[in-house]
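Here is the structure we will look at.
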Amino acid sequence: MVRTVRHDINKKPFIVIWEVTRACGLVCKHCRADAQHEPHPHQLSTTEGKMLLETLASYSKPKPLVVLTGGDPFERDDLEELVRFGTERGLNMSLSPSVTPRLTPERIKSLREAGGKAMSMSLDGATAKTHDKFRGFSGTFEKTLEMAPHINEAGYRLQINSTLTKGNIHEAPALLKTVMEMQAKMWYVFFLVPTGRGADLGALSPEEREDVLHWLSDVSNRIAIKTTEAPQYRRVVMQQEEAIEKGLPPYEGGELYRYLTEETTKLLGAVPEKPRRPRSPMAVNSGSGFAFIDHIGDVYPNGFLPLHCGNVKATPFQEIYSNSPAFKALRDPDNWHGKCSVCEYHSVCGGSRSTAYALTGDYTASDPTCIYIPPRWAAMSEEERQASTGQNAEAGAGQLS
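Read in order, the letters of the sequence shown are residues 1 to 401 in the UniProt record's numbering.
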């Protein structure tokens, strides 16, 4: 099953990602932020950061989950102070550090004592050669493996983030095995959006994405899985469950799906006959239960969707989230165009709005990376389809405040 947010996402997000700094010691090839070595002179100060956390804490329960990311959040010396401040106000505070010399057992422990609940690290290959090439520095693969036990022993929920591309997809089964050996509670799989440094990397084709999503659903009985910029994963989960209930044939897939399945069986054995999914995916999407605040306080529906909707220094976050034209449009499928607008799964999927915007200039367009054809779309005439794919002039402008 797919979980849905129990509160009204028009009024309150489920999760807020705060990029506390853009400074980072790594030069990752796929970096959304195109991170810099030095902090921005106008990044939110300690006082401004506390004001933001106070604002988020003013929401009624359940309060939004807060993830402190970057850049590298460990570049901030006041990180413990911010984590403690948010925790004391009832916020669930998580951290997403870069694996640099700043990530030490001592800092991991001190942030846990300050109230940190979860911590994520990135692992983009099953070998040092692949991962370190992604991250721009040798030694990051070994250090990532080295830090995992310290994170687990400190009492965090460990999450591993992996970006899958044409260059590393062949390592995905071995990568899964490594993630499980690290005792991660969650595997967060990222699909490329052509932004930041990731614009020139090899994104998977739509057919390859579909194969990978079905494989991820297959292996989700081994470890909890979430995806970024591939909300179609939730559609695939529902399709697989519907097929089982109706006794329909399993997904046949293409060559990539068969390869991933065979390699996984070799490494981890067969899937149990009655698999139990550790944790069902959550139906949140850009601007719809999800919000991103960058290092200087600018608010976006998603870190990969460059629609500037306001700044928390000038406008309360609640007002931006609830009233921004872009946020409101993203929460209303009636504003969308193309096959996404008539898809029976749009309430749990909705397509990647970031990918639609990056490839078409229209964040309300259909996601070009999705190969699924909804029955209503298949039944429409060419004239009806043309009328459904009209360009949103405001969306293509790239700025909605």
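C-beta: ideal position from N, C-alpha, C; glycine also.
Exercise. In three-state terms, what does DSSP make of Phe134?
Worked result: In the sequence shown, the residue the question calls residue 134 occupies position 134. Residue state for Phe134 is assigned as helix, using DSSP reduced to three classes.
Problem set entry | Between the CA atoms of Thr4 and Leu65 - distance to the nearest angstrom | The residue you call residue 65 lines up with position 65 of the sequence shown. The residue you call residue 4 lines up with position 4 of the sequence shown. Leu65 and Thr4 have their C-alpha atoms spaced approximately 15 Å apart.
Exercise. Applying the criterion that 16 or more other CB atoms from any shown protein chain within 10 Å of the CB defines a buried residue, is Thr144 buried or exposed?
Worked result: The count along the sequence shown starts at 1 and reaches residue 144 at position 144. Thr144 is buried by the Cβ-count criterion.
Exercise. Between the stretch 324 to 339 and the stretch 220 to 231, do three or more beta carbon pairs fall short of 8 Å?
Worked result: The stretch 324 to 339, when compared against the stretch 220 to 231, does not touch it at the 8 Å Cβ threshold.
For this session: Would you tell me roughly how many angstroms separate the C-alpha atoms of Pro97 and Met380, rounded to the nearest one?
Result: Here residue 97 is taken as the residue at index 97 of the sequence shown, counted from 1. Here residue 380 is taken as the residue at index 380 of the sequence shown, counted from 1. When rounded, the distance between both Cα atoms is 48 Å.
Problem set entry | C-beta contact flag for Ala329 and Thr364 at 8 Å | Numbered from its first residue, the sequence shown carries residue 329 at position 329. Numbered from its first residue, the sequence shown carries residue 364 at position 364. In contact: Ala329 and Thr364 (Cβ atoms closer than 8 Å).
Exercise. From Tyr188 to Asn92, what distance separates their C-alpha atoms?
Worked result: As a position in the sequence shown, residue 188 is number 188, starting the count at 1. As a position in the sequence shown, residue 92 is number 92, starting the count at 1. Cα to Cα, the separation comes out at about 18 Å.
Problem set entry | Burial state of Ala395 (16 or more Cβ within 10 Å) | Your numbering for residue 395 matches position 395 in the sequence shown. Here Ala395 scores only 38 on pLDDT, less than 50, and its place in the model is too uncertain to base an answer on.
Exercise. Among all the DSSP beta bridges, which residues are the ones paired with Ile160?
Worked result: Here the question's residue 160 lines up with position 160 in the sequence shown. In the DSSP assignment, the residues bridged to Ile160 are Met121 and Trp187.
Problem set entry | Unbroken alpha helix (DSSP H) run spanning Met93, endpoints | Numbered from its first residue, the sequence shown carries residue 93 at position 93. Bounds of any alpha helix (DSSP H) do not take in Met93; it lies within the beta strand (DSSP E) bounded by Asn92 to Leu95.
Exercise. Between the Cα of Phe190 and the Cα atoms of Tyr59, Leu123, Thr178 and Ala148, which residue gives the shortest distance?
Worked result: Position 190 of the sequence shown holds residue 190. The shortest Cα separation from Phe190 among Tyr59, Leu123, Thr178 and Ala148 belongs to Leu123.
Problem set entry | Spatial neighbours of Val236 in its chain, beta-carbon cut-off 7 Å, leaving aside the 5 residues before and after | Indexing the sequence shown from 1 puts residue 236 at position 236. Excluding positions up to five away in sequence, the list reads Leu213, His214 and Ser217.
Exercise. Just the Cα atoms here: how many angstroms apart are Met121 and Ala128?
Worked result: Within the sequence shown, residue 121 is the residue found at index 121, counting from 1. Within the sequence shown, residue 128 is the residue found at index 128, counting from 1. Cα to Cα, Met121 sits roughly 15 Å from Ala128.
Exercise. I think Thr104 touches Gly71, with their Cβ atoms under 8 Å apart; what is that distance to the nearest whole Å?
Worked result: Counting from one through the sequence shown, the residue named residue 104 turns up at place 104. Counting from one through the sequence shown, the residue named residue 71 turns up at place 71. That pair is no contact at about 18 Å.
Problem set entry | Identity of the residue in Leu260, Gln232 and Arg112 nearest Pro374 by Cα | To locate residue 374, count along the sequence shown from 1; it is residue 374. Of the candidates Leu260, Gln232 and Arg112, Gln232 places its Cα closest to the Cα of Pro374.
Exercise. Short check: CB of Gly310 to CB of Ser324, under 8 Å?
Worked result: On the sequence shown, residue 310 is found 310 positions in, with the first residue counted as 1. On the sequence shown, residue 324 is found 324 positions in, with the first residue counted as 1. In this structure, Ser324 lies closer than 8 Å to Gly310 by Cβ.
Exercise. In angstroms, rounded to a whole number, what distance separates the CA positions of Val299 and Gln240?
Worked result: The residue given as residue 299 occupies position 299 in the sequence shown. The residue given as residue 240 occupies position 240 in the sequence shown. Straight across, the Cα-Cα distance linking Val299 with Gln240 is about 36 Å.
Exercise. Do Lys301 and Phe327 have their CB atoms nearer than 8 Å?
Worked result: Taking the sequence shown and counting its residues from 1, one reaches residue 301 at position 301. Taking the sequence shown and counting its residues from 1, one reaches residue 327 at position 327. Checking the sequence shown, residue 301 turns out to be Pro, not Lys. In this structure, Phe327 lies closer than 8 Å to Pro301 by Cβ.
Exercise. For Glu382, does the count of other Cβ atoms within 10 angstroms reach 16, so buried, or fall short, so exposed?
Worked result: Counting from one through the sequence shown, the residue named residue 382 turns up at place 382. Under this definition Glu382 is an exposed residue.
Exercise. What residue range is occupied by the uninterrupted alpha helix (DSSP H) comprising Trp377?
Worked result: Taking the first residue of the sequence shown as position 1, residue 377 is located at position 377. In the DSSP annotation of this structure, the continuous segment of the alpha helix (DSSP H) that includes Trp377 starts and ends at Pro375 to Ala379.
Problem set entry | Rounded C-alpha distance that separates Thr369 from Phe290 | If you number the sequence shown from 1, residue 369 lands on position 369. If you number the sequence shown from 1, residue 290 lands on position 290. Here the alpha carbons of Phe290 and Thr369 stand approximately 21 Å from one another.
Exercise. Shortest alpha-carbon distance to Leu268 belongs to which of Phe317, Ser347, Pro173 and Gly350?
Worked result: Taking the first residue of the sequence shown as position 1, residue 268 is located at position 268. Per the Cα distances, Pro173.
For this session: Assign residue 473 to one of three DSSP states: helix, strand, or coil.
Result: The structure shown does not extend to residue 473, since the chain is modelled only from 1 to 401, so the question has no answer here.
For this session: State buried or exposed for Lys246, treating a residue as buried only when at least 16 other CB atoms are found within 10 Å of its CB.
Result: Taking the first residue of the sequence shown as 1, we reach residue 246 at position 246. Lys246 is exposed by the Cβ-count criterion.
Problem set entry | Bridge-paired residues (DSSP) for Ser341 | Your numbering for residue 341 matches position 341 in the sequence shown. Residue pairing by DSSP places Ser341 opposite no residue, since no beta bridge is assigned to it.
Exercise. Do Gly125 and Asn161 come within 8 Å of each other at the CB atom, strictly closer than that value?
Worked result: Residue mapping note: residue 161 aligns to position 161 of the sequence shown, counting from 1. Residue mapping note: residue 125 aligns to position 125 of the sequence shown, counting from 1. Contact flag unset, no.
For this session: Figure out for me which residue from Glu54, Lys61 and Lys63 has the closest Cα to the Cα of Phe85.
Result: Here residue 85 refers to the residue found at position 85 of the sequence shown. The shortest Cα separation from Phe85 among Glu54, Lys61 and Lys63 belongs to Glu54.
Exercise. Is the beta carbon of Gly116 sitting closer than 8 Å to the one on Tyr59?
Worked result: Indexing the sequence shown from 1 puts residue 116 at position 116. Indexing the sequence shown from 1 puts residue 59 at position 59. Their beta carbons are not under 8 Å apart, which means Gly116 does not touch Tyr59 by this criterion.
Exercise. Are the Cβ atoms of Thr140 and His150 separated by less than 8 Å?
Worked result: On the sequence shown, residue 140 is found 140 positions in, with the first residue counted as 1. On the sequence shown, residue 150 is found 150 positions in, with the first residue counted as 1. The answer is no: Cβ separation not under 8 Å.
Exercise. Excluding the five sequence neighbours on either side, which residues of its own chain have a C-beta within less than 6 Å of the C-beta of Gly350, listed in chain order?
Worked result: Here residue 350 refers to the residue found at position 350 when the sequence shown is read from its first residue. Here the set comprises Pro231 and Asn285.
For this session: Measure the C-alpha to C-alpha separation of Glu384 and Trp377 and round it to an integer number of angstroms.
Result: The residue you call residue 384 lines up with position 384 of the sequence shown. The residue you call residue 377 lines up with position 377 of the sequence shown. Cα to Cα, the separation comes out at about 9 Å.
Exercise. What separation, rounded to the nearest whole angstrom, lies between the Cα atoms of Ala393 and Pro333?
Worked result: Position 393 of the sequence shown, counted from the first residue, corresponds to residue 393. Position 333 of the sequence shown, counted from the first residue, corresponds to residue 333. With a pLDDT of only 34 at Ala393, under the threshold of 50, the placement of this residue in the model should not be trusted, and no figure is reported.
For this session: Would you kindly report the start and end of the unbroken alpha helix (DSSP H) that includes Ile371?
Result: Start at 1 with the first residue of the sequence shown, and residue 371 comes out as number 371. Here Ile371 belongs to no alpha helix (DSSP H), and DSSP marks it neither H nor E.
For this session: Closer than 7 Å by C-beta to Ala118: which residues in its own chain qualify, once you throw out the five before and the five after it? Chain order, please.
Result: Residue mapping note: residue 118 aligns to position 118 of the sequence shown, counting from 1. The beta carbon of Ala118 lies closer than 7 Å to those of Ser94, Tyr156, Arg157 and Gln159 in the same chain, with the five residues before and after it left out.
Problem set entry | Where Glu208 falls, given that 16 or more other Cβ within 10 Å makes a residue buried | Residue mapping note: residue 208 aligns to position 208 of the sequence shown, counting from 1. With 16 or more other Cβ atoms inside 10 Å of its own Cβ, Glu208 counts as buried.
Exercise. If you count every other CB in all the chains shown that lies within 10 Å of the CB of Glu242, and 16 or more means buried, which is it?
Worked result: Counting from one through the sequence shown, the residue named residue 242 turns up at place 242. Under this definition Glu242 is an exposed residue.
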